[in-house]
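I have placed the structure first, in the form of structure tokens, so that the comments after it can refer back to it.
Numbering (my numbering), first residue to last: 1 to 277.
Right, dumping it as structure tokens:
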């Protein structure tokens with residue numbers, strides 16, 4: 001279980017980017033972190049991954065305080081995919097995926113490490129890219145390779161894994177967005193925990209178990225999609241007209257931003273199932 005206790009972060013100049021935040025995420029839960037630009041989403045994720053050493057509070061993963069673990073010990077339990085990863089040297093894609101196995105190396109990669117890399121490459125459908133230079137890839141292709149690296153890192157570890165993804169759908173086309181979320185759901189359903197920063201609220205609602213909504217560095221909602229994605233919460237977070245209905249094809253909320261007042265009233269009087277505030 002992920003147990004976040006009063007995590008907060010302020011810049012050296014004293015600007016608070018994340019107010020004290022606490023929540024718990026169970027094993028097998030996929031959680032979306034949403035909110036407007038500057039809400040503190042990436043700051044929260046970096047705090048959870050222990051990348052911000054000046055962050056206050058504690059993050060426990062299966063009762064172990066991440067602050068008390070060495071970088072290698074942390075890397076054996078959790079993997080992180082940043083928004084963008086730049087390589088200053090030319091590396092073939094296969095070597096980039098193999099980097100996810102570095103925490104597992106004794107002195108050199110084992111047969112199991114190479115098997116994990118092969119599995120991750122197949123699992124993320126990047127076989128056709130393996131011999132290309134990482135820097136020659138498009139943004140979407142690079143993102144898929146980084147996702148493969150994270151999957152390789154957590155492949156068949158001895159205990160549940162924690163996967164932290166900062167806007168992983170950036171640069172992915174629609175098909176690969178859904179393929180990726182399918183793979184993440186499979187990983188999570190195996191008893192792991194995943195948190196991802198995402199801007200596509202409707203896409204998140206189709207896949208996730210919980211939604212965390214941030215506004216100005218504060219957690220204003222943390223619940224299942226149907227309870228968190230209310231008009232009140234979304235209007236508070238985004239300060240923009242919004243309407244929430246039931247998805248016509250899935251058991252999930254559907255969010256419509258920019259609904260003018262007349263259309264809002266028209267929808268209000270319809271007979272379709274609606275989520276109430």
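Ideal Cβ placement from N, Cα and C applies to all residues, glycine included.
Keep in mind it's a predicted model, so treat the numbers as computed, not measured.
Quick one: using the 10 Å Cβ neighbour count with 16 as the cut-off for buried, is residue 265 buried or exposed?
Taking the first residue of the chain shown as position 1, residue 265 is located at position 265. Any reading at residue 265 must be qualified, since the residue scores a pLDDT of 42, below 50, and its modelled position is unreliable; the value itself is stated next. Looking at its Cβ environment, which holds fewer than 16 other Cβ atoms inside 10 Å, residue 265 is exposed.
Please confirm if the segment 65 to 77 is in contact with the segment 190 to 205, defined as three or more CB-CB distances below 8 Å between the two stretches.
no
So which of 100, 1, 110 and 71 has the shortest CA-CA distance to residue 60?
Reading the chain shown from its first residue, position 60 is the one you call residue 60. The residue with the shortest Cα to Cα distance from residue 60 is 1.
Report the residue from 115, 100, 161 and 184 whose alpha carbon sits nearest the alpha carbon of residue 150.
Along the chain shown, one-based indexing puts residue 150 at 150. Out of 115, 100, 161 and 184, 100 has the C-alpha closest to the C-alpha of residue 150.
Buried versus exposed call for residue 78 [16 or more other C-beta atoms within 10 Å across all chains shown]
Translated into the one-based positions of the chain shown, residue 78 becomes position 78. Counting every other CB atom within 10 Å of its CB across the protein chains shown gives residue 78 a total of 16 or more, marking it as buried.
On a CA-only basis, which of 55, 97 and 25 is nearest residue 132? Give me that one, please.
Position 132 of the chain shown, counting from 1, holds the residue named residue 132. Of 55, 97 and 25, the residue nearest in Cα terms is 97.
Suppose you measure from the CA of residue 106 to the CA of residue 136; what does that come to, to the nearest Å?
Your numbering for residue 106 matches position 106 in the chain shown. Your numbering for residue 136 matches position 136 in the chain shown. Going from the Cα of residue 106 to the Cα of residue 136 covers about 31 Å.
Using a threshold of 7 Å, is the CB atom of residue 68 nearer than that to any non-hydrogen atom of the ligand FMN?
Within the structure as shown, the ligand FMN is missing, as the structure has no ligands at all.
Assuming residue 184 and residue 76 form a contact by the criterion Cβ under 8 Å, report the distance between their Cβ atoms to the nearest whole angstrom.
Counting from 1 along the chain shown, the entry for residue 184 is found at position 184. Counting from 1 along the chain shown, the entry for residue 76 is found at position 76. Going by Cβ atoms, the distance from residue 184 to residue 76 rounds to 20 Å, so no, they are not a contact pair.
Which residue spans inside the segment 156 to 218 form an unbroken alpha helix (DSSP H) run of at least 4?
174 to 189 and 201 to 207
Kindly confirm or deny that the segment 41 to 61 and the segment 157 to 165 touch, where touching means at least three C-beta pairs closer than 8 Å.
yes
At what residue ranges does the segment 60 to 98 contain a whole run of the alpha helix (DSSP H), taking only runs of 4 or more?
71 to 75 and 93 to 98
Neighbour-count burial assignment, residue 272, 16 or more Cβ in a 10 Å radius:
The count along the chain shown starts at 1 and reaches residue 272 at position 272. Per-residue confidence for residue 272 stands at a pLDDT of 40, beneath the threshold of 50, marking its modelled position as unreliable; the derived number appears in the next sentence. Per the 10 Å Cβ criterion, exposed.
Using DSSP with H/G/I as helix, E/B as strand and the rest coil, what is residue 109?
Along the chain shown, read from residue 1 onward, the residue named residue 109 stands at position 109. In the structure shown, residue 109 sits in coil (DSSP, three-state: anything other than H, G, I, E or B).
Determine the extent of the beta strand (DSSP E) in which residue 245 is found, giving its start and end residues.
Translated into the one-based positions of the chain shown, residue 245 becomes position 245. Note, residue 245: beta strand (DSSP E), 242 to 246.
In this structure, how does DSSP classify residue 364 when only helix, strand and coil are distinguished?
Because the chain here runs from 1 to 277, residue 364 falls outside it and cannot be looked at.
Might you give, ordered along the chain, the residues of its own chain that have their beta carbon closer than 8 Å to the beta carbon of residue 270, omitting 5 neighbours on each side?
Reading the chain shown from its first residue, position 270 is the one you call residue 270. Only weak support exists for where residue 270 lies, its pLDDT of 46 falling under 50; the value from the coordinates is given anyway. Within the same chain, residue 270 has no close Cβ partners at all.
Alpha carbon to alpha carbon, how far is residue 129 from residue 187? Give it in angstroms, no decimals.
Position 187 of the chain shown, counted from the start, is the residue given in the question as residue 187. Position 129 of the chain shown, counted from the start, is the residue given in the question as residue 129. The alpha-carbon atoms of residue 187 and residue 129 are separated by roughly 23 Å.
Bounding residues of the beta strand (DSSP E) (the contiguous stretch that carries residue 32)
The count along the chain shown starts at 1 and reaches residue 32 at position 32. Counting along the chain, the beta strand (DSSP E) containing residue 32 begins and ends at 30 to 34.
Inter-residue spacing [alpha-carbon to alpha-carbon] between residue 191 and residue 116
To locate residue 191, count along the chain shown from 1; it is residue 191. To locate residue 116, count along the chain shown from 1; it is residue 116. Using only the alpha carbons, I get a separation of about 18 Å.
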